[in-house]
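Trainee:
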Amino acid sequence: MIAPFRRMLVGLAAGLCPVPSLTAQLATPRSVPATYAITNARLVPVSSPAIEKGTIVVRDGLIAAIGANVAIPGDARVIDGSGLTVYPGLIDAFGALGVPAASGQPAGGGGRGGGAAAAGGPAATSARGANSNYPVGLQPEVSVVELLRADDDAFSGPTSVGITTALSGTGNGIFQGQSAIINLAGTDANAMVVKAPVAQHIGFTPLRTGGYPNSLMGVFAALRQQFLDAQHYRDVKAAYERNPRGMTRPERDPSLEALLPALARTQPVVMIASTQREIERALDLAKEFGLRAIIAGGSEAPAVAARLKAENVPVLLSLNFPRRAASASADADPEPLRVLRERAEAPKVAAKLAQAGVKFAFQSGGLSTWTDVTGNAQKAIENGLAADVALRAFTLQSAEILGVSDRLGSLEVGKIANLAVTRGDLLDRGRVTQLFIDGRPVAVRLPTVGANAGAPGLTGTWTVTVSLDGSDYATTWSLRQEGTRLLGSIQGSLGPIEIQNGSIGADNELRFSATITLKEGTEEATFIGTLDGNAVRGRLAIVGHTPGTFAGTRPQRAGAPGGGPPAGNTPRTPPGAR
Amino acid sequence: MNRIFSLATVVTLAAGSLGAQAQPVAAGAGATLIKNATVLTVTKGTLKNADVLIQNGKIAQVGANIAAPAGATVIDATGKYLMPGIIDPHTHMMSDAINEGSLSVTSMVRIQDILNPTAVNIYRALAGGVTSINILHGSANTIGGQNATVKLKWGESVATMMFPGAPPGIKFALGENVTRKNQNQIIVVGQPTPPRRYPISRMGQEQVLQDAFTRARDYKATLDDYKARVAKGEKNLVAPRRDLELEPLVEVMEGKRLVHAHGYRSDEMLMLLNVAEEFGFKIQTLQHGLEGYKIASEIAKHGAGLSSFADSWSYKIEAYDAIPYNVAILMRRGVNTTINSDSDERVRRLNIDAAKLVRYGGLTEDEALATITINGAQQLGVADKVGSIEVGKDADLGLWNNHPLSVYAAVDKTFIEGKVFFDRQQDLVMRDQKAKERAELEKAEASASTRRGVQPVLPQEER
Amino acid sequence: MTRVRLIAAAALAAIVAQPARAQLGSYNPPPGPQKTFAIINARIVPVSGPEIAKGTVVISGGRIQAVGASVAVPTGAEVIDATGLHVYPGMMDAGTSIGLSEISQGANATVDISEVGSFNPNAMAYYGLNPHSAHIGVTRVVGITHVVTRPTGGILSGQAALVNLAGSTAPQMAINRNLALVIELPRSGFGGRGFGGFFAAQQGPANTQEVNRTRERQLDSLRTMLRDAEAYGKALDAYAKDKSLPRPRQDVVLASLVAAVRGQVPVLMVADRASDIKEAVGFAEENKLRPIIVGGRDAWQVASFLKDHDAPVLVTSVLDLPTREDDPYDVNYGAPAKLAQAGVRFAITSGDAGAEARNLPYIAGMAAAFGLSREDALKSVTLWPAQIFGVGDKLGTIEVGKVANLVVTTGDILEAKTDTKFLFIDGRLVPLESKHTDLNNKFKDRP
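These protein sequence lines are chains A, B and C, in that order. With this note's numbering applied, the first sequence corresponds to residues 9 to 586, in that order. With this note's numbering applied, the second sequence corresponds to residues 18 to 480, in that order. With this note's numbering applied, the third sequence corresponds to residues 359 to 805, in that order.
See the structure below:
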């Protein structure tokens with residue numbers, strides 16, 4: 009309960025003061041000598057072999073020198089790096105860091121700072137394109153830089169594990185707009201920006217307003233039509249520029265205009281896709297319009313590895329591995345084998361992609377606990393990923409995929425001085441003792457408890473009764489919230505169902521569709537409801553049927569936020585045991 | 018690659034699920050000879066003690082005492098029945114969405130975009146001898162989305178499951194589901210109340226059709242005009258804006274896209290036939306068409322097919338006059354008539370639904386079988402490839418342990434293009450494998466969670 | 359806090375919808391008189407014994423008078439030559455709500471299947487039954503001659519009735535109007551009723567503990583009501599013997615429960631999941647009720663338990679899709695075979711409210727395709743349901759003295775192709791017409 013209050017205070021301060029953060033007022037940043045030398049440290053440049061004992065010099069925000077035998081400049085502030093290792097700062101290759109969280113946004117799925125989740129309500133409302141002909145959610149001109157806030161509090165989590173840089177998008181809508189790469193420190197939002205725009209982002213979750221498109225089919229049709237319209241807009245505009253006389257002036261359209269770089273392949277398009285079929289659909293769309301695709305998510309990317317490699321499509325691989333939820337109740341249905349396989353597979357994905365020659369970078373994927381981000385990278389290493397490849401996927405490879413390897417991703421002279429200084433191996437239980445961002449030291453702070461390790465949102469196993477047409481259906485829901493996306497499956501009396509088009513919005517409103525088989529036939533049910541702690545309730549609509557209701561609970565485990573993995577694995581209770 | 022995963026791989030391959038580059042069970046691409054079966058060709062009568070040779074995915078030979086080519090898999094089908102793979106002209110199987118119900122005309126959406134080739138209900142349908150299906154958009158709006166004709170090659174990619182050469186189609190819908198749509202909408206406080214979507218009456222449905230095809234006709238004129246100007250050699254022309262909503266409707270008017278129209282009441286179906294005639298196109302199938310028997314002559318005259326339930330009725334008002342004699346009445350008038358499931362449950366036993374037609378209306382056994390095989394192939398425009406056991410057609414077959422019109426019949430094997438996609442014996446083996454895999458995965462997970470002691474610790478400030 | 363509400367006035371509909379008995383036409387022709395009939399030259403499948411390849415069944419006064427290969431035809435009997443035809447006992451669908459709900463969607467006025475509230479032991483299917491429901495005529499012509507029809511919903515749903523599918527009034531149809539009490543226990547884990555019900559969206563925060571507490575309260579209320587009914591019955595008896603005692607106040611609700619708490623009538627307990635089934639049987643035993651499980655989807659998982667407790671099952675789920683992703687494709691098709699093997703008493707039912715009850719024989723046939731013997735499949739829709747309800751001496755076989763519910767068919771009664779040629783219910787010849795034949799006749803020759 010402290011966290012939201014704190015957040016409110018920070019928000020208040022940001023609202024009242026011309027400068028965005030309280031600490032910025034107290035510092036006098038401009039005239040402080042900014043030359044540092046870390047000596048006697050192990051240096052891991054990533055772009056070249058490690059230097060067991062050397063010095064790295066940082067001046068005016070950039071790396072000035074690095075090597076075993078580097079002279080220490082006279083003006084440098086010297087830090088004895090004995091026993092420490094210096095890495096390039098890690099890059100979270102996709103999230104919504106720096107995008108203010110919604111008030112009342114479910115803490116789940118990462119809450120503030122976590123993945124796409126943080127881009128909830130207010131972000132969505134303020135991310136309205138000016139004078140757009142398209143509804144919110146289909147406005148590619150929206151740019152995340154307009155939304156960014158410097159937010160030390162939100163950055164304490166990622167920086168505490170060595171992340172200095174992130175790709176941030178709005179995380180909202182179908183055309184999610186243009187992302188930016190930001191450094192996770194700075195006195196104001198503009199100072200944080202490393203590069204913007206970086207990419208156009210596409211999510212495939214239907215609009216939540218009930219307007220077109222409100223289904224996955226509609227999403228694809230809307231995307232297709234808008235790309236076609238952009239092509240047409242481009243051609244008409246070109247024709248008009250060639251010879252305006254006698255031709256009606258084409259109307260300005262900022263939304264179509266914003267798609268032209270993507271169509272011209274000067275701007276990559278990040279497409280959110282995890283399962284094999286999601287990835288294949290995204291690749292098909294990219295192919296249809298000649299887009300430079302980047303896949304974000306990628307849990308089943310190995311199944312599409314050959315195609316990803318052939319089409320030179322990199323993957324921003326989510327480290328938000330599925331976890332076993334607390335078992336719901338004695339009569340909950342056993343988890344599908346598919347789900348067990350997913351969990352077993354998750355830590356192996358990176359190694360498989362590496363082996364298949366698919367380029368990938370790591371992203372936090374909306375994980376709420378930042379230690380799990382590096383912890384899961386470590387799991388990937390335990391499951392066959394070479395440690396140096398893992399580090400690359402967090403640094404230089406990430407920078408390459410995002411088009412900033414000329415300034416970030418390795419310890420090389422002239423690059424931005426984003427450093428993670430650790431005691432021990434960064435990805436193997438090492439501790440980050442010190443960070444440099446833009447050449448300035450950043451203290452490692454414990455993330456505010458609650459700010460990052462939020463409630464699990466809808467993640468977990470639910471026992472839900474669905475009432476429809478006078479009958480009650482006992483069901484078990486295994487849900488996973490990733491940012492604003494809602495994934496999972498339903499088992500029980502409505503049959504085994506994978507939920508589709510799931511999302512959770514501001515005010516904890518969830519919605520998804522599911523194909524269920526009733527006596528009359530196979531139908532699509534749209535579930536809309538609210539999450540309230542460990543209870544969900546709401547309604548479901550089926551064409552041709554009177555709306556039904558659903559209500560359910562998720563059992564809490566003492567001392568842990570619901571839905572977390574049980575420490576000891578509790579297999580399902582055999583049927584009938586009470 | 019630990020042992021558990023390799024086991025998982027084996028099972029995955031066997032099941033053709035997840036992972037999905039999977040080869041289907043058994044048989045392989047080589048020749049297969051099915052020996053000594055009762056062969057229900059559907060179009061050419063029933064052959065006792067006959068052999069069917071499958072080569073390169075096609076039916077190569079049908080007859081007595083066919084010699085097995087070298088290396089062919091030989092299946093002894095003594096006492097068993099071989100029939101064409103069942104075709105279901107109306108399902109919503111393997112769809113990650115069914116309705117784009119936000120608008121009254123959603124001809125731009127495509128079922129093909131959202132198919133899930135690993136859906137378990139595909140396998141359950143294969144176990145009922147089904148090999149091809151027509152996946153339709155739902156019935157939320159007057160003009161729905163584009164359908165997908167699919168072969169149930171479970172676990173293969175959507176691209177390979179799409180029925181090659183099947184003509185494209187589109188779903189229309191009439192009646193209660195369309196007009197009542199908004200009454201079924203859930204309104205959320207804090208969000209603007211959406212206005213009731215037009216139409217809420219059967220009158221409005223007719224106007225939605227009129228309006229859409231009028232617009233499509235104008236669009237076509239624009240396209241034609243552009244093409245003419247290009248042909249005349251005009252320079253510096255910009256092609257007209259492509260309209261994904263109207264393009265499919267132009268194709269409908271040009272006879273290139275088949276209309277599958279959901280309707281129950283005779284009056285609404287007749288209205289649709291009239292509108293279609295006005296715009297110069299044909300309705301390929303009336304879907305459900307439970308009151309089709311009341312306008313059998315008109316349907317026959319228009320040349321539409323009809324795909325009905327065998328005997329479902331009374332579940333809503335517009336289904337109250339449904340009768341199980343519908344199919345027989347229409348068939349006697351020369352209407353191509355089929356049985357569909359519209360259900361992942363019923364699709365598993367279409368053979369029994371077909372058998373009911375022998376009782377209700379006195380269809381012959383071949384006629385009854387035709388309603389779930391060749392007639393469906395004709396409705397979907399793929400009768401040259403599937404729907405009967407004839408030389409040259411795709412080897413999409415079901416091998417049954419009893420006459421498929423018997424309630425005591427169960428499927429032994431289901432073939433698509435000669436590959437076995439369901440095999441009851443294999444299925445029994447897979448059950449054990451799956452149980453074993455589950456146990457191993459659960460065990461591995463349990464031991465992993467006890468290793469959690471080595472989790473990375475929270476970073477602490479050092480001074 | 360966002361609240362979800364509904365534009366469709368389901369609540370309003372619930373209030374406005376009167377228990378009106380919609381006629382929607384009357385399509386069921388009345389049966390003829392109870393005459394003497396002799397069905398000769400028939401292949402007789404008595405179910406109680408071996409088939410008789412060629413024999414005679416004589417019925418009179420509503421009863422079977424004689425069965426055999428060499429039975430004399432009584433003088434004056436109406437003779438039905440059944441050469442090439444089969445005679446079966448009429449089938450019994452023990453899992454319907456026939457006559458209580460005509461059109462489930464969009465026609466609330468035709469639905470009388472549930473009462474308001476959770477405790478309605480006194481709601482009688484007998485009084486909701488519409489003898490003119492078109493479902494009746496359509497169902498009986500496939501050879502289903504008698505059914506159990508039951509109310510649904512709530513916790514104590516009401517009283518099920520056993521009825522013949524012939525007659526113009528409920529009294530003419532009823533074999534037993536107080537056949538069984540219907541209980542739908544609130545589910546463990548999450549008690550749907552009261553929470554999953556209509557007011558779910560209006561409820562405040564809930565959690566598992568609260569839900570379980572609510573469920574416990576509901577179960578306590580149920581137990582209390584059952585104990586009260588026991589005491590009520592005792593007080594009535596005592597007063598009958600000793601008029602000096604204060605006269606007990608009459609109570610229609612408690613009165614409706616007395617037979618059940620005394621074990622005089624069974625209790626239909628709706629349960630599909632293994633844990634729910636065990637809980638239902640446990641609850642019944644704890645409260646001295648005689649349980650019959652309705653649903654029983656996972657009953658095979660607890661077969662030995664059911665056998666040990668001699669709890670019979672009315673299986674409604676043979677044709678249900680497997681509910682779990684990893685279930686074998688035939689898990690529900692094959693369930694009756696597993697029950698039979700384990701020695702659990704069961705019947706196969708359609709589980710349908712009414713319109714689709716006529717699929718009963720094919721459902722049994724499907725179970726036979728997946729392991730149940732054909733003989734047992736037939737018994738599961740004839741003799742076994744009768745025995746489960748204690749009317750095995752009256753119904754379910756072709757034996758002398760039994761109620762003359764008989765079907766004369768063109769072949770195996772479980773086959774979908776098989777047609778019915780003659781139908782006898784309660785010894786009366788029933789015309790083979792229905793709403794469907796009526797519409798067929800009206801339109802089949804329309805030019």
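The beta-carbon is built from N, C-alpha and C at its ideal position, and this holds for glycine as well. Quantities reported herein were computed from a predicted structural model and do not represent experimental measurements.
Can a CB atom of chain C be found closer than 8 Å to the CB of B:P212?
Mentor: No, because no Cβ of chain C sits closer than 8 Å to the Cβ of B:P212.
Trainee: Quick one: Cα of A:Q371 to Cα of A:D159, how far?
Mentor: Approximately 20 Å between the Cα atoms of the pair.
Trainee: Quick one: list the residues of chain C neighbouring A:S307, beta-carbon separation under 9 Å, in chain order.
Mentor: Chain C residues near A:S307: none, gap ~18 Å exceeds 9 Å.
Trainee: Under a CB-based cut-off of 8 Å, is B:W330 close to chain C?
Mentor: Taking Cβ atoms only, chain C reaches closer than 8 Å to B:W330, which makes this a yes.
Trainee: Please return the same chain residues whose Cβ sits closer than 8 Å to the Cβ of B:T196, not counting the five positions on each side in sequence.
Mentor: So the qualifying residues of the chain are P216, I217, S218, R219, G221, Q222.
Trainee: Would you kindly check if the distance between the Cβ of A:A193 and the Cβ of A:F212 is under 8 Å?
Mentor: Going by C-beta atoms, A:F212 is not nearer than 8 Å to A:A193.
Trainee: Contact between the segment 388–396 of chain A and the segment 352–359 of chain A: three or more CB pairs below 8 Å?
Mentor: Output reads yes: the segment 352–359 of chain A touches the segment 388–396 of chain A.
Trainee: Using the three-state DSSP reduction, which class does C:N536 fall into: helix, strand or coil?
Mentor: C:N536: strand per DSSP, three-state reduction.
Trainee: Using a Cβ-Cβ cut-off of less than 8 Å, list which residues of the segment 111–134 of chain B approach chain E; keep chain order.
Mentor: Given the protein chain composition of this structure (A, B and C), no chain E is represented.
Trainee: For B:H319, which residues of its own chain have a beta-carbon under 8 Å away from its beta-carbon, when the five flanking residues on both sides are left out?
Mentor: Contacts found: L290, A293, E294, K299, I300.
Trainee: Under 6 Å Cβ to Cβ from B:Y377, same chain only, skipping five residues before and after it: list those, please.
Mentor: So the qualifying residues of the chain are P341, Y342.
Trainee: With DSSP as the reference, label B:E11 as helix, strand or coil.
Mentor: Nothing can be reported for residue 11 of chain B, as the shown portion of chain B is limited to 18 through 480.
Trainee: So, under 8 Å CB-CB, B:G415 and B:M100 are touching, yes? Tell me the CB distance rounded to an integer number of Å.
Mentor: Their Cβ separation, rounded to whole angstroms, is 5 Å, which keeps B:G415 and B:M100 in contact under 8 Å.
Trainee: Would you call the segment 102–122 of chain B and the segment 518–531 of chain A touching, i.e. three or more CB-CB distances under 8 Å?
Mentor: Yes: at least three Cβ pairs fall under 8 Å.
Trainee: Between A:D68 and A:A174, what straight-line distance do the alpha-carbon atoms span, to the nearest angstrom?
Mentor: Between A:D68 and A:A174, the C-alpha separation is close to 21 Å.
Trainee: Which residues, in chain order, does the segment 490–519 of chain A contribute to contact with chain C at a C-beta distance below 8 Å?
Mentor: Flagged, chain order: S497, Q499, G500, S501, L502, G503, P504, D515, N516, E517.
Trainee: Just to confirm, are A:L345 and B:K453 a CB contact at a threshold of 8 Å?
Mentor: No, Cβ-Cβ distance for A:L345 and B:K453 is not below 8 Å.
Trainee: Quick one: residues in its chain with C-beta nearer than 8 Å to the C-beta of C:N763, no 5 flanking neighbours on either side, listed in chain order?
Mentor: Same-chain partners within the cutoff: P447, G448, T503, H504, N522, L753, F782, I783, D784.
Trainee: Can the beta-carbon of A:L155 be found less than 8 Å from the beta-carbon of A:F402?
Mentor: Cβ distance not < 8 Å, so A:L155 and A:F402 don't count as in contact.
Trainee: Using CA atoms only, rank isn't needed, just tell me which of A:V551, A:H553, A:V544 is closest to A:T561.
Mentor: When each option's Cα is compared against that of A:T561, the closest is A:V544.
Trainee: Alpha carbon to alpha carbon, how far is A:T382 from A:I182?
Mentor: When rounded, the distance between both Cα atoms is 29 Å.
Trainee: Check for me: the alpha helix (DSSP H) holding A:K387 runs from which residue to which?
Mentor: Taken as a continuous stretch (DSSP letters only), the alpha helix (DSSP H) holding A:K387 covers 378–390.
Trainee: Check the C-beta distance from C:L539 over to C:V625 and give it rounded, since I have them as a contact under 8 Å.
Mentor: The Cβ separation is near 5 Å, so the contact holds.
Trainee: Tell me the residue span of the beta strand (DSSP E) that contains A:R431.
Mentor: Counting along the chain, the beta strand (DSSP E) containing A:R431 begins and ends at 427–431.
Trainee: Under 8 Å between C-beta atoms, does C:V569 make it to chain A?
Mentor: C:V569 counts as touching chain A.
Trainee: Mind checking if A:P214 is an interface residue toward chain C, Cβ cutoff 8 Å exclusive?
Mentor: With 8 Å as the cut-off, A:P214 does not count as an interface residue toward chain C.
Trainee: In chain order, what residues of the same chain have a beta carbon less than 8 Å from the beta carbon of B:N199, not counting five sequence neighbours either side?
Mentor: Caution is warranted here: a pLDDT of 46 is assigned to B:N199, below 50, making its placement in the model unreliable, and the coordinate value is therefore given only provisionally. Contacts found: P211, R213, R214, I217.
Trainee: Apart from the five residues on each side of it in sequence, which residues of its chain come closer than 8 Å, Cβ to Cβ, to C:G501?
Mentor: Answer for C:G501: Y446, G448, M449, P719, V765, T767, I771, T778, L781, listed in chain order.
Trainee: Count the other C-beta atoms from every protein chain shown that fall within 10 angstroms of the C-beta of B:L358, then say buried if there are 16 or more, exposed otherwise.
Mentor: The identity of residue 358 of chain B in the sequence shown is Ser, whereas the question assumes Leu. B:S358 comes out buried.
Trainee: Could you tell me whether the Cβ atoms of B:V364 and B:I356 are closer together than 8 Å?
Mentor: The answer is no: Cβ separation not under 8 Å.
Trainee: Starting from C:M724, follow the beta strand (DSSP E) in both directions and report where the run begins and ends.
Mentor: Not the beta strand (DSSP E): C:M724 falls in the alpha helix (DSSP H), residues 718–727.
Trainee: Using a Cβ-Cβ distance under 8 Å, would B:T218 count as near chain A?
Mentor: Note that residue 218 of chain B is Ser in the sequence shown, not Thr. It does not: the Cβ of B:S218 has no partner Cβ on chain A nearer than 8 Å.
Trainee: Check whether the Cβ of B:K333 lies closer than 8 Å to any Cβ atom in chain A.
Mentor: Interface residue, yes.
Trainee: Tell me the rounded alpha-carbon separation between C:H794 and C:S614.
Mentor: Each residue's Cα considered, the two are about 38 Å apart.
Trainee: Grab the span of the beta strand (DSSP E) containing B:M100 for me, first residue to last.
Mentor: Counting along the chain, the beta strand (DSSP E) containing B:M100 begins and ends at 98–101.
Trainee: Considering only their Cβ atoms, is the gap separating A:A204 from A:Q186 smaller than 8 Å?
Mentor: Closer than 8 Å, so yes.
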